[in-house]
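According to the working numbering, the stretch in the sequence shown is residues 1 to 264, in order. Just so it is clear, CB atoms sit at the ideal spot from N, CA and C, and this is done for glycine as well. The structure appears right after this line, and notes come after that.
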Amino acid sequence: MGRNMTTVQAGNTIRFGSAKFEVGPDINSFIDLGAMNSIVFEETWDEMTVTSDNAGVIKTGINNHAAGIEGDLMEINLATLATIRGGIDKIETIAGTPKTVTNEPVTLSNQVQKRLLHKNGAGTVVTAVTVKKGATTLAAGTDYTLAVDSAGFTVISRVEGGGITSGDAVMVNYTYTPLSAQRFLSGGLGTFQPRVARITNYDDAGKEFRITIYKATPESGLNITFPEADAEDPAITPIRMNGTMDSSRAVGEQLFEIYDEQGV
C-alpha cells in the first residue's frame, strides 16, 4: 500500500548585497532600472512523495517549480515602474514651455554625431533649427543632418562634401520643449505582459554574477516608502517578480539561468 503526498519545499535562496536590476519584454531588450538593495533570489517547488509500507517515503519528483527575485528599488521612475508592472498602467507626459537656445557652439568632425545640450521631452528632433558657419546659414540635408539618439537627444552631424569642413565649429539655434510632468495612471487594465527580469552583481574585478528569470510578473502593488525630510536615504520601492515556466523555451531551461564569472 502507498499514498501520494505533496509537501512545499524551498529549494534555493541566494542573497545579494546590491545589484543592477534590469527588466525587458524579451531577452534582447533589457531596460536598466537602476540599483537594487537587499536582493533575494528564491527558487521553490512542491515535492511529490509516495509513502509506502515497506520502503518509507519515496521522492518521485517536483511540480509547481517557480522562482522569484525581490529587493528594494532605490531609484523611483514612473516609466520604470510601468515597465516592471507589465502593461497594467498608462504613462502620460505633460509638455512644458518651449525654450529657445541661441548660438550653441558645436564642433563637427568627420560624420560623428554630436549631441545638442537640450532635448525635447517627447524624444523628438528639436524645432526651429538654424545652423551657421560664421555669417553663412547652412542647409539641412546638404551641409548637415539631424537625428535623435537612444536617449532622446537631438544629434547633428556634417554631410561629406557640404559646406562644413571636418573640425569646423558651427553655431546652432533651436527651440526645445521639456517635460513639465509625468502622469502614472492605473486601474481597469487587468492583464500582465510577462517580463524578463535580471539581477547582476559585479565584483571588484568587474566580473559578473547574474540571475535571469525568463517569464516574470510582479507579485504585489506599489509600496513606496518616503524618507524623512532631512534623511539621506532615497525613496524606496520594494519589488518582487515571480517567475513561471516559459514554454517557448527548450525543456530544462524554461525558468531561470544563473551565469557566474566570479566563481570560476
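Cut-off 6 Å between Cβ atoms - residues of its own chain near residue i, not counting five sequence neighbours on either side
| i | result |
| --- | --- |
| Ala10 | Residue confidence for Ala10 is low, a pLDDT of 49 falling below 50, so the modelled location carries little weight; the figure read from the coordinates is stated next. Here the set comprises Thr44. |
| Ala200 | Here the sequence assigns Thr to residue 200, which means Ala is not the residue at that position. The answer, listed in chain order, is Ala19, Lys20, Glu208 and Arg210. |
| Gln262 | Asp203, Lys207 and Phe209 |
Assigned secondary structure, residue i (DSSP; H/G/I helix, E/B strand, else coil)
| i | result |
| --- | --- |
| Leu116 | coil |
| Leu73 | strand |
| Thr137 | strand |
| Ala35 | strand |
| Thr100 | strand |
| Ile84 | helix |
| Ala19 | strand |
| Ala79 | helix |
| Ala10 | In this predicted model, Ala10 has a pLDDT of only 49, less than 50, meaning its place in the structure is not dependable; the value taken from the coordinates is given anyway. Here Ala10 sits in strand by DSSP. |
| Gln262 | coil |
| Gly68 | strand |
| Pro218 | strand |
| Thr191 | coil |
| Met241 | strand |
| Gly182 | The sequence as given places Gln at residue 182; Gly does not occur at that position. The answer is strand: DSSP assigns Gln182 an E or B state. |
| Glu257 | strand |
| Val40 | strand |
| Thr165 | coil |
| Asp246 | coil |
| Val106 | strand |
| Val126 | coil |
| Met1 | Any reading at Met1 must be qualified, since the residue scores a pLDDT of 45, below 50, and its modelled position is unreliable; the value itself is stated next. Met1 falls in the coil class under three-state DSSP. |
| Gly121 | coil |
| Asp46 | strand |
| Val251 | coil |
| Gly24 | strand |
| Lys207 | coil |
| Ala151 | coil |
Where the beta strand (DSSP E) through residue i begins and ends
| i | result |
| --- | --- |
| Asp168 | Asp168 to Tyr176 |
| Asn54 | It is not in any beta strand (DSSP E) - Asn54 carries neither H nor E in the DSSP assignment. |
| Phe30 | Where Phe30 is concerned, there is no enclosing beta strand (DSSP E), given that its DSSP letter is neither H nor E. |
| Ala147 | Tyr144 to Val148 |
| Ile156 | Thr154 to Arg158 |
Anticipated Cβ contact below 8 Å, residue i with residue j, distance rounded
| i | j | result |
| --- | --- | --- |
| Ile156 | Leu108 | 7 Å |
| Ile69 | Ile213 | 6 Å |
| Val40 | Ile31 | Contact flag wrong, Cβ pair sits at about 22 Å. |
| Val251 | Ile27 | That pair is no contact at about 17 Å. |
| Val125 | Val159 | That belief does not hold up - the Cβ atoms of Val125 and Val159 are roughly 16 Å apart, past 8 Å. |
| Val170 | Val101 | The Cβ separation is near 13 Å, so there is no contact. |
Same chain, Cβ closer than 7 Å to residue i, five either side skipped, listed in chain order
| i | result |
| --- | --- |
| Ala35 | Ser18, Lys20, Met74 and Glu75 |
| Gly123 | Val148 and Gly152 |
Neighbourhood of residue i by C-beta, 8 Å cutoff - its chain only, sequence neighbours within 5 removed
| i | result |
| --- | --- |
| Ala140 | Val129, Val131 and Leu146 |
| Ala66 | Glu43, Thr44, Trp45, Asn242, Gly243, Thr244 and Leu255 |
| Gly163 | Lys133, Thr136, Leu138, Ala139, Thr142 and Asp143 |
contact_flag[the segment 203-222, the segment 169-181] where n(CB pairs < 8 Å) is 3 or more: Short answer: they don't touch.
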